[in-house]
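When the letters of the sequence shown are read in order and numbered with numbering that gives the first Met the number 0, they come out as residues 0 to 408. Each residue gets a CB set at the ideal place from its N, CA and C atoms; glycine is no exception. Heads up: the structure comes next, in structure tokens.
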Amino acid sequence: MNHMELLEKYARVVVDIGLNIQQDEILVIEADINAAPLARLVVKEAYERGAKKVIVNYSDIEVARHTYDYQSIKTLQEVPDYIKQELKYIEDEKAAFLSITSVSPEGLKEHSEEKINAKAKVMMKASESMSDSFGDFRQTWCIIAYPSIEWAEMVFPNLKGEDAQNALFEAIFKAVRIDQENPVEAWTSHIAHLKKRAEWLTEKGFDKLHYTAPGTDLTVGLHPGGHWLKAGKVNKKGTEIIVNMPTEEVYTTPDFRRVDGYVSNTLPLSLSGKIIDNFKLTFKEGKVVDFEAAEGYESLKYLLDIDEGAKQIGEIALVPVNSPIYESGLLFYNTLFDENASCHIALGSGFAEVIDGAEDKTIKEQVELGINDSLTHVDFMIGSDSLNIDGIYKDGSSEPIFRQGRWVE
Numbered sequence: 000m001n002h003m004e005l006l007e008k009y010a011r012v013v014v015d016i017g018l019n020i021q022q023d024e025i026l027v028i029e030a031d032i033n034a035a036p037l038a039r040l041v042v043k044e045a046y047e048r049g050a051k052k053v054i055v056n057y058s059d060i061e062v063a064r065h066t067y068d069y070q071s072i073k074t075l076q077e078v079p080d081y082i083k084q085e086l087k088y089i090e091d092e093k094a095a096f097l098s099i100t101s102v103s104p105e106g107l108k109e110h111s112e113e114k115i116n117a118k119a120k121v122m123m124k125a126s127e128s129m130s131d132s133f134g135d136f137r138q139t140w141c142i143i144a145y146p147s148i149e150w151a152e153m154v155f156p157n158l159k160g161e162d163a164q165n166a167l168f169e170a171i172f173k174a175v176r177i178d179q180e181n182p183v184e185a186w187t188s189h190i191a192h193l194k195k196r197a198e199w200l201t202e203k204g205f206d207k208l209h210y211t212a213p214g215t216d217l218t219v220g221l222h223p224g225g226h227w228l229k230a231g232k233v234n235k236k237g238t239e240i241i242v243n244m245p246t247e248e249v250y251t252t253p254d255f256r257r258v259d260g261y262v263s264n265t266l267p268l269s270l271s272g273k274i275i276d277n278f279k280l281t282f283k284e285g286k287v288v289d290f291e292a293a294e295g296y297e298s299l300k301y302l303l304d305i306d307e308g309a310k311q312i313g314e315i316a317l318v319p320v321n322s323p324i325y326e327s328g329l330l331f332y333n334t335l336f337d338e339n340a341s342c343h344i345a346l347g348s349g350f351a352e353v354i355d356g357a358e359d360k361t362i363k364e365q366v367e368l369g370i371n372d373s374l375t376h377v378d379f380m381i382g383s384d385s386l387n388i389d390g391i392y393k394d395g396s397s398e399p400i401f402r403q404g405r406w407v408e
């Protein structure tokens with residue numbers, strides 16, 4: 000099968016089982032200009048499946064670089080009415096939303112940290128209501144990837160140009176199961192496997208998890224009767240969707256108030272065009288009280304200062320080191336992929352659906368239950384073949400869950 004045929008197959012799988020586009024549904028696509036070949040194919044597939052309208056918004060890293068070079072912070076912090084109206088339109092119409100990530104993880108490495116962070120913060124605030132709608136699954140959303148040459152050359156430093164891009168295409172197609180004869184069947188089987196893992200953890204009813212590894216000794220409290228989840232979802236409209244492609248995780252939202260100890264990252268974190276690496280967070284009674292970073296200290300500081308919730312945990316996810324992405328041996332410098340190679344933790348907002356009835360409560364009431372609230376949600380990777388995780392019951396007894404980065408069978 001040639002490259003274009005695989006790309007067409009990719010678009011079809013995204014529309015059919017990622018987004019599961021419904022008759023007369025509106026689809027909004029956000030994509031880097033590099034991803035236009037894939038975006039066009041998704042548009043065609045969505046219309047053929049019955050979409051009423053497809054809207055495509057392109058971004059361009061070169062334009063972004065000029066923007067940060069020349070605009071003042073004051074100008075960058077302006078959110079024009081037309082953007083606010085579009086965000087409201089997407090939410091009001093319950094439009095499906097597809098994000099195609101493509102840009103280099105270090106695309107803004109040489110640009111002003113202060114400007115980038117100022118812009119990011121006002122956009123998070125402007126899109127808060129829409130983000131809540133996505134988080135509560137009132138509408139469909141999905142995140143996928145398309146390789147730019149700049150990104151590909153980071154993943155494959157010994158290759159250049161189209162050779163690097165083609166190598167990253169191959170890695171992405173494999174990760175999202177497009178290389179298989181029947182990817183829909185492969186995805187159905189995979190989601191069923193993740194569902195079994197999530198159900199097992201839910202049934203165990205652990206009171207907390209204890210993580211140990213070099214640079215990590217962390218205890219995370221869980222919610223009584225809380226659910227573990229996987230990326231295959233049924234949204235509020237009753238549509239089955241897959242929000243991340245690829246996905247290898249089972250996850251839950253912990254009680255953010257019951258986190259103590261310290262944790263170190265095992266893979267670099269790309270945030271707003273900057274790399275954060277070799278960092279360590281120390282928690283006390285649920286809050287980050289100390290942090291260090293060998294690379295990207297200011298970016299990490301910005302993340303933690305977004306709001307109070309950014310200093311607290313909104314998600315923990317379990318991914319074994321024998322997952323296909325980890326076993327590929329590739330470092331993608333992209334959270335969509337690297338989080339599916341490794342156990343990870345998210346700073347920021349949590350998911351109300353882990354507690355029965357919590358989605359019908361106010362944000363304040365959810366926080367009182369121990370579900371974190373924040374403008375942000377950022378995953379960072381902590382898994383390795385040295386990571387052990389124990390589930391601890393209410394009576395203090397424990398059971399091994401992970402040993403040397405793998406599920407205990």
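Beta carbon of residue i nearer than 8 Å to that of residue j
i      : j      : result
Ile315 : Pro253 : yes
Gly404 : Gly382 : yes
Ile72  : Lys114 : yes
Glu291 : Phe282 : no
Gly369 : Arg256 : yes
Leu193 : Leu208 : no
Lys310 : Leu303 : yes
Asp206 : Ile99  : no
Arg196 : Val249 : yes
Phe401 : Leu280 : no
Ala95  : Leu18  : yes
Pro323 : Ala174 : yes
Lys120 : Gly272 : no
Asn321 : Thr211 : no
Val27  : Ile89  : yes
Ala345 : Val366 : no
Val154 : Phe379 : no
Val55  : Ile142 : no
Glu149 : Gly106 : yes
Ser101 : Ala34  : yes
Pro319 : Trp406 : yes
Glu235 : Ile190 : It is worth fixing the name first, because residue 235 is Lys in this sequence and not Glu. In this structure, Ile190 does not lie closer than 8 Å to Lys235 by Cβ.
Lys52  : Ile25  : yes
Pro146 : Phe172 : no
Ser373 : Ile305 : yes
Leu6   : Pro36  : yes
Ile240 : Thr375 : no
Expected contact under 8 Å - CB spacing of residue i and residue j to nearest Å
i      : j      : result
Trp227 : Thr201 : 5 Å
Gly225 : Thr251 : 6 Å
Ala263 : Thr215 : Note that residue 263 corresponds to Ser in the displayed sequence, not to Ala. Between Thr215 and Ser263 the Cβ distance is about 5 Å, and since that is below 8 Å, they are a contact.
Pro267 : Asp259 : That pair is no contact at about 26 Å.
Ala50  : Ile20  : 5 Å
Leu75  : Lys118 : 4 Å
Glu47  : Ala10  : Going by Cβ atoms, the distance from Glu47 to Ala10 rounds to 10 Å, so no, they are not a contact pair.
Val78  : Met122 : 7 Å
His110 : Arg64  : 6 Å
Glu127 : Tyr301 : Incorrect: roughly 18 Å between the Cβ atoms, too far for contact.
Asn371 : Ile312 : 6 Å
Cross-strand partners of residue i (DSSP beta bridge)
i      : result
Asn56  : Glu29
Glu239 : Val233
Ile89  : Beta-bridge pairing links Ile89 to no other residue.
Asp359 : In the DSSP output, where bridge partners are listed per residue, Asp359 has none listed.
Ile143 : Ile99
Gly328 : Its beta-bridge partners do not exist; DSSP assigns none.
Ser263 : Lys279
Tyr250 : Leu228 and Ala316
Lys207 : Gly220 and Ile391
Val258 : Val219
Trp406 : Phe401
Ala212 : Thr215
Cβ-heavy atom distance, residue i to the ligand MN, below 7 Å
i      : result
Lys360 : This structure lacks the ligand MN; in fact it carries no ligand of any kind.
Ranges of the alpha helix (DSSP H) found wholly within the segment 268-308, counting only runs of at least 4:
List check, alpha helix (DSSP H) in window: 296-304.
Evaluate the contact criterion for the segment 126-137 versus the segment 340-358: three or more CB pairs, one atom per stretch, below 8 Å.
The segment 126-137 is in contact with the segment 340-358.
Three CB pairs or more closer than 8 Å across the segment 182-196 and the segment 64-78
Cβ pair count under 8 Å is below three, so no.
Can you give, in chain order, each stretch of the alpha helix (DSSP H) that sits fully within the segment 332-403 and has at least 4 residues?
Taking 4 residues as the minimum length, the alpha helix (DSSP H) runs contained wholly in the segment 332-403 are 334-337 and 362-368, in order along the chain.
Suppose only complete runs of 4+ residues qualify. What are the alpha helix (DSSP H) ranges in the segment 100-183, listed by chain order?
At a cut-off of 4 residues, the continuous stretches assigned as alpha helix (DSSP H) that sit fully inside the segment 100-183 are 112-125, 127-134, 148-154 and 160-174.
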